[in-house]
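Down below is the structure, laid out as structure tokens.
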């Protein structure tokens, strides 16, 4: 062990103090200070915390910080090192059960404490998963592969492409379903790009995560995992889906189409919602209940098409009043090849941007319009401003969600620079990203306080 | 040897069994908002707008171990329902939003109490998650932090150690717990409270109650804690020589403590004797033998109603054979309580078989099955005259869990006393609640960073730390104030004010004490509701007395007016000219008197006196009025 390991996370005066008494991390100590005496185990210190305090785990299990400046003496009484490890058990094999592959990319679906930062870090191993959610063995024979270990904000084209290729390989190997563990923040981006990169899948591909990390007793991780594994193993829905809590209660999950789903709350369990449509199905531990019939069915073949083309020079511009043209100009000047605008209302931006939009048109940059209202279609004929913009080459992209349009444009530009072809790819629905019609129950944001809504939530669990 | 009845136990009897007890006192703090969110604190209502459902799963501790309680709760497979009122609960308590910053008002109160205890105050507080898988907190853990360790309080000439003082969020209130469904209402959830943990240094049940009282008074003396039902709750730890630390949870009233701790000491004493008896019979942890058979069919025709009903509902009956246990389920544990209850409790809690009776056994055969049925069962499962058989029934899974819990608990009897938390019952006995959790249920809260408590911060808090109430009491006795106000005054928020009024303003100690303690009570009685007079209001009133603009007779009426919503201002009072006021009052009274037909003219002076006093009472002393009216009789009212 190196010195830094022996005094993990300590620096400055705390490091000096601990070294002076040879009190390494995991030492069982009694520290006398100007405030009194504290007895416990020296824990590693988070690197982001200040360099003035020593962390002690008291006999009662509580942690306290002791100021190094006040330390009068440290008596070392022993040593007790912690080994944080979920009991690993080999996943049992049952020839009668379907094969499901769990591909890990990171996120809080499986996570553990990180002493370095004091925060949770992703941890992923099949044995750990079985150790903590043994119910999975009742559903399938689970194989796991840790593809990446990143937070979802660090997912990008490299990981999308790698994941799409891994899916293709697993389908080739003949698994009956694939589950992808993913951080929730950008799960809808990944779900969308996978919907374009992996087409004609014969099996369910289910993305799953958790809003409460699995180190919490009330975590949604275990139930989400059970729901997603059940969907992968048993459902006949051969699409890219997101499987997360329906209500905040531990009741059922929803299967959302990968191109119509969005994270809508920073912390709620029921954060994923299908936008402008209804989900494909509900899933509980007992049953998968389809809510619609127009989904792609499971097949016995392996005729999946994987197309991982991707152009990274694509951006989303979220329009705001008084936006200056330099925002668009900087994208043009930096060599961007595609821009998705999230416009106001039916798809608008202000006039001062027009010259820049014209420049973009001249530079052969693909510009598509989406709506920041999320629900509803772009309609650029209603007002003159919309018509003007179309003259400038801005293409309305129906009811494609801004994030979906963003990844699709990257995918389209990865295949061709011919704007006519890009336009054709963008406007031809591949996986439900554009729908012909918005059903009347596709837009439902209940408003709390209204008597009938209050009556509804008093009757059904949230 | 038998454990003596409660009334006959002496200090030396307790010493002989090695009685030791410690306290964990939970005291809610008087803050307007909750600890980790900005919901209002202290608003209770049984009505709710919505419900959510959760399950709890055990997770690993920071040191990488599962906690015993956590695993037990997982076995119970409870559905937990939370009732939610929009007014008192936000998405934080529902565990759908991360915590907001710690309520600094609550922190300051906790620090003040820590200083009162003479604790070693922590330099940097770390929020921990203490796991509770019973569902009483939707997150599955309580956010909690230690602010001080190693303090002490005096009791009967010695010091009782305070191991630690914690600041934490309160849990839900349980509404019901039937079968696999437990219901909580969430209004109390998240309210700030302090947890005081004493060393296990109390040697008799009475001493435990005495120390609880000292602690109660001490925290109340800050004036910053909640009072009333449920605002303070005691957990009592008890052990005897050879026994183990048992925690009795949720003792609502201090006077219940002596009988509860006595019964627990008796239970441990008797369980140790039960172990000795088992060992004498050759039954040890290793040689212990038990087995389970399904006997539903054998009892199809039983007339014993609970089993008859169960079988007609299609439930399963399991028969557990406890080899060599004959008679031991009738072994006394607590007052009028037997070992069979230990088993029944476990079955109730772990297997969720909550309808009683949930077991019957061959040690109490008469009230239950027919003797022929017992004979048949014994023969079928191969029981001898030395054995005991126990029946448990429920759906197939619960009956299985129940049978396995019976065996687990019986086997534990060969070892001694299982580590448990137990609930206080009304009759002074206690029942099983759950396996005693250990330090393995602690986990650092990664949602909140540590927080520094600087020397300057502590120095500031130290300024508002009240004088120790027992020191106040000594001084009050010396001052000779009425005995019944000594204690309430000593722990009231008015102690500093009292000191100023007596020492600096030279007001009569009795007058001040009565004004501060008894008058508010009289106001409450008159209005039939409690009214809290702020220290500021009381200060103004007493200063007015000191300045002579308010008389002692005026205090109570003034308090009544304040309680009725009128603000009191000493300056408005002193701005008035006493002389002018008297002249006006006299003129108006004389006029009124002329309109009154007096039957006894000799009483004219008294009537005039009365009329004037009605107008100036509280502001001009009666004696002065009488003198000014010209030497008549003084008013009889005082």
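Protein chains in written order, with the numbering used here: chain A, 1 to 462; chain B, 1 to 638.
The beta-carbon is built from N, C-alpha and C at its ideal position, and this holds for glycine as well.
Rounded to whole angstroms, the separation of the alpha carbons of residue 429(B) and residue 335(B) is 7 Å. Sequence-distant Cβ neighbours of residue 387(A) in its own chain, meaning closer than 8 Å and more than five residues away, are 380, 381.
Leaving aside the five residues that flank residue 224(B) on each side, the residues in its chain whose CB is nearer than 6 Å to its CB run, in chain order, 30, 109.
Along the length of the segment 459 to 531 of chain B, whole alpha helix (DSSP H) runs at least 4 residues long occupy 469 to 479, 483 to 490, 495 to 503, 509 to 513, 519 to 527, reported in chain order. Counting the other Cβ atoms within 10 Å of the Cβ of residue 43(B) gives fewer than 16, which makes it exposed.
Residue 274(A) has 261(A) as its beta-bridge partners, per DSSP. For residue 335(A) and residue 354(A), the gap between their C-alpha atoms comes out near 19 Å. The C-beta of residue 44(B) comes no closer than 8 Å to any C-beta of chain A.
Here residue 173(B) is not near residue 79(B), since their CB atoms are 8 Å or more apart. Interface with chain B (8 Å Cβ-Cβ cutoff): residue 38(A) is included.
The C-beta of residue 117(B) comes no closer than 8 Å to any C-beta of chain A. Bounds of any beta strand (DSSP E) do not take in residue 355(A); it lies within the alpha helix (DSSP H) bounded by 354 to 362. Taking C-beta separations shorter than 7 Å and ignoring five residues to either side along the sequence, the partners of residue 405(B) in its chain run 346, 347, 350, 351, following chain order. Taking a C-beta distance under 8 Å as the contact criterion, residue 280(A) and residue 256(A) qualify as a contact pair. Residues 281, 283, 386 of the same chain have their beta carbon placed closer than 6 Å to that of residue 324(B), with the five preceding and five following residues left out of the count. Residue 408(A) and residue 193(A) have their C-alpha atoms roughly 7 Å apart. By the neighbour-count definition (other C-beta atoms within 10 Å, threshold 16), residue 591(B) is an exposed residue. Note on residue 456(B): under 16 other CB atoms within 10 angstroms of its CB, so exposed under the neighbour-count rule. Of all residues in the segment 151 to 165 of chain B, only 164 come within less than 7 Å of chain A when Cβ atoms are compared, listed by chain position. Using a Cβ-Cβ distance cut-off of 8 Å, the segment 91 to 99 of chain A and the segment 57 to 70 of chain A are not in contact, since fewer than three pairs of beta carbons, one from each stretch, lie closer than that value.
Rounded to the nearest whole angstrom, the CA to CA distance from residue 265(B) to residue 301(B) is 43 Å. For residue 412(A), the three-state secondary structure derived from DSSP is helix. In this structure, DSSP gives residue 393(B) an extended state, which the three-state scheme calls strand.
Distance from residue 447(B) to residue 58(B) at the Cβ level is roughly 20 Å; contact not present, criterion being Cβ atoms closer than 8 Å. Residue nearest to residue 179(A) within the set 366(A), 459(A), 244(A) is 244(A) (criterion: CA-CA distance). Counting the other CB atoms within 10 Å of its CB gives residue 421(B) a total of 16 or more, which places it among the buried residues. Pairing residue 10(B) with residue 40(B) gives a Cβ-Cβ distance that is not under 8 Å. In the DSSP assignment, residue 186(B) falls outside any alpha helix (DSSP H), carrying neither H nor E. In this model, residue 331(A) and residue 176(A) are separated by some 44 Å (Cα to Cα). From the listed residues 246(A), 283(A), 8(A), 277(A), the smallest Cα separation to residue 265(A) is found for 246(A).
CA-to-CA, the gap between residue 82(B) and residue 344(B) works out to about 27 Å. For the segment 241 to 329 of chain B, the continuous alpha helix (DSSP H) assignments of 4+ residues that do not extend past its boundaries occur at 257 to 280, 305 to 312, in sequence order. Counting only residues of its own chain and dropping the five nearest sequence neighbours on each side, residue 228(A) has a CB closer than 7 Å to the CB of 179, 206, 208, 243. Contact between residue 370(B) and residue 303(B) holds, since their C-beta atoms are separated by about 7 Å, short of 8 Å. With contact defined as three or more Cβ pairs closer than 8 Å, the segment 127 to 141 of chain A and the segment 182 to 196 of chain A are not in contact. When Cβ pairs closer than 8 Å are counted between the two stretches, the segment 64 to 80 of chain A is seen to touch the segment 19 to 34 of chain A, the count reaching three or more.
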